[in-house]
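For any residue, its number in the working numbering is found by taking its place in the sequence shown, counting from 1, and adding 1352. The beta carbon of each residue, even a glycine, is placed where N, CA and C say it ideally should be. First comes the structure, then the notes that go with it.
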Amino acid sequence: MLRPFADYPVRLRMEEGESLAGYLRRFHAANGHKMPRELYNGLRALYRGTKSVSGAAFDVVQATFGDAVTIDRSWWLGRPSQKGIPGGGSHPSAWLVFQLDPLRLCPACLQDGGIHFALWELPLMEACPLHHCALLTACTTCSRTLHWQDCLPDWHCQCGVPISAMPLAPPKAGALELARVLANSSDLTLPQAYRAHFTASDGHQYRLKEVYKGLEWGTELRELFSGRGTLLGEPKAKPRPKKERRARWGSWERRLIGDSTDKLIARLVRAQSKHFASPQRLSYVFPRDSLSRAKVFVRESAPGVVQTKIQKALDHFLADYALEIPLSLFVWFADAKHSEKRVVYMRQFATWWAVLASRLGDLDPTMQRLDLALAQQARTQDASSHEVHVVDVLNLLFEGARQQLDVDNFWAFTYWWRIPPALRDASDPEELFRRIGLHLASIPAEEIMFVLALVQRAHKGEC
Ligand SMILES: [Zn+2]
Ligand SMILES: [Zn+2]
């Protein structure tokens, strides 16, 4: 049976924002004791949050406090258990296991207040948002890991060096930004020193749970790419069992939060040029491809602390690169480094096309309706190869404009093909290109094959 707090001569109060483990250790140290092993074991169960044992552990800790301190039952026991993970059982999600051992702390904060903060125990909290340094988990002098049971009273490492005097180290990439986001959560009790710097009162209130859900969403996004590398530059890796993957979250999720929108876009561009390098101006991926699936996943997700930022980066990327034509393929300009360059390309295309289009006959509206009907009947046949041919024709036309090919080369094409009048209006080059794509997508498979053959002949100089 543990000795209740009421029986100790020195009864320190728990400070605001102080961690449970830190308070228990401070309390016992003030009375000249180490934290009892039984109490420490109870804390371990409570921090891990395993449903079957954490309830009993909570009762042990609360009974020790008596009336002196009331710990928040929902904070410690309200964590949802991990579902759908083999062997996950009643354990909480990896995101929701609080860090007990090794202990994490900021030497500068410790020097100011002398207490251990609950903030430092949060999953993925690896930097001090106030002092912009990494949180320590090992002694900077003897390199020993900092364990609760081994630390000397008054926050000294077992080698005798005071933790508050240890040098500050720079945080890992993205760790500081994530620490800031966590510290600004509306449901976190902050230490006094943090109050003036972190507040979620700017109208964008969110709870800790939302941040971690957002990070978990980031892991799902990454998993869409497992097996072929990832969207944002993680090294290629073989798919791992889900449980193991969850346990490894960290650097990628930190970067999702830490990177600026521009940096995220730069990563997207690098990823697409690395994985989809193509000599053609217009690249495409099939809907089943990882990049298409990730795009849909990001676009269709509800907004959130992490999600909104990635959604914005994707929107910018699509605005600069994607060709929005009604195909199931995801089509984009592989070499338009930014929108200004694309505008130049498009103008060049429109001027060249105007000359070519002046030689193309008008498509009779009745014929156009017949075309549409025929195309709709055949659409179910092999939609994806039809769409690939559409992109092929667009690529060849676009390339023809880039190379300023002589329109005389397109003699057979201009002789055989007819276009609806809407395809002659070049006042908005981007819209013109989109209309051509739209029209190509709507004609029967036989016609697109024929058009493709004609345009290919022109490129080869065979008319
Ligand atoms: Zn600090
Ligand atoms: Zn040491």
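Relative to ligand 1, A1517 has its C-beta separated by 7 Å or more from all heavy atoms. Listed in chain order, the non-local C-beta contacts of S1680 below 6 Å within the same chain comprise P1639, local neighbours out to five positions each way being set aside.
Counted as a single uninterrupted DSSP element, the alpha helix (DSSP H) harbouring V1533 occupies residues 1527 to 1535. If only uninterrupted alpha helix (DSSP H) runs of at least 4 residues are considered, those enclosed by the stretch 1768 to 1811 are 1781 to 1794, 1797 to 1811.
Separation of W1507 and E1562 (C-alpha to C-alpha, rounded to the nearest whole angstrom) is 33 Å.
Shown here, E1814 sits in coil according to DSSP, grouped into three states, outside any helix or strand. Relative to ligand 2, the nearest heavy atom lies less than 7 Å away from the CB of C1491.
Apart from the 5 residues on each side of it in sequence, L1804 sits with its Cβ closer than 8 Å to the Cβ of H1741, D1744, V1745, L1748 in its chain, given in chain order.
When rounded, the separation of the alpha-carbon atoms in T1497 and R1456 is 10 Å. A direct Cα-Cα distance of roughly 18 Å separates W1769 from A1702.
Around the beta-carbon of K1647, 16 or more other beta-carbon atoms lie within 10 Å, marking it buried. When the beta-carbon positions are compared, E1529 and I1609 come within less than 8 Å of each other.
With respect to A1674, H1738 sits apart: the two C-beta atoms are not nearer than 8 Å. Taking the CA atoms as reference points, F1785 sits about 10 Å from R1699.
Per DSSP, Y1636 is one residue of the beta strand (DSSP E) stretching across 1634 to 1637.
Boundaries of the beta strand (DSSP E) harbouring F1682: 1682 to 1685, taken from the DSSP string. The C-beta separation of L1487 from C1494 comes to about 18 Å, leaving the pair out of contact by the 8 Å criterion. Taking a cut-off of 8 Å on C-beta distances, the stretch 1518 to 1538 does not touch the stretch 1355 to 1364, as fewer than three cross pairs fall below it. Listed in chain order, the alpha helix (DSSP H) runs fully inside the stretch 1366 to 1437 are 1372 to 1382, 1389 to 1400, 1403 to 1417, 1425 to 1429, counting runs of at least 4 residues. In this structure, Q1501 has its beta carbon at no less than 7 Å from each heavy atom of ligand 2.
According to DSSP, residue pairing for C1480 in a beta bridge involves C1485. Per the coordinates, the alpha-carbon of S1653 lies some 18 Å from the alpha-carbon of D1641.
Under DSSP, T1497 shares a beta bridge with A1490. At a threshold of 7 Å, C1458 counts as near ligand 1, since its beta carbon sits closer than that to one of the ligand's heavy atoms.
Taking C-beta separations shorter than 8 Å and ignoring five residues to either side along the sequence, the partners of G1418 in its chain run P1356, F1357, A1358, following chain order. The three-state secondary structure of L1462, taken from DSSP, is helix.
Taking every protein chain shown into account, the CB of K1615 has fewer than 16 other CB atoms within 10 angstroms, so this residue is exposed. In the DSSP assignment, P1361 is bridged to no other residue.
Relative to the non-hydrogen atoms of ligand 1, the Cβ of L1482 comes within a distance shorter than 7 Å of at least one.
When the five nearest sequence neighbours on each side are left out, the beta carbons in the same chain lying within less than 7 Å of the beta carbon of I1677 are those of V1683, R1786, G1789, L1790, A1793, in order along the chain.
Contact check for F1469 against P1543 passes: the beta carbons are separated by less than 8 Å.
Counting only residues of its own chain and dropping the five nearest sequence neighbours on each side, H1811 has a CB closer than 8 Å to the CB of L1748, E1751, G1752, L1757, N1761.
Per DSSP, the beta bridge partners of D1714 are I1771. With 16 or more other CB atoms across the displayed protein chains lying within 10 angstroms of its CB, K1565 is buried. Exclusion of the five residues before and after L1398 leaves S1406, A1409, F1410, V1413, W1428 as the residues of its chain whose Cβ lies within less than 7 Å of its Cβ. Around the beta carbon of Q1755, a 10 Å sphere encloses fewer than 16 other beta carbons of the protein chains shown; the residue is thus reported as exposed.
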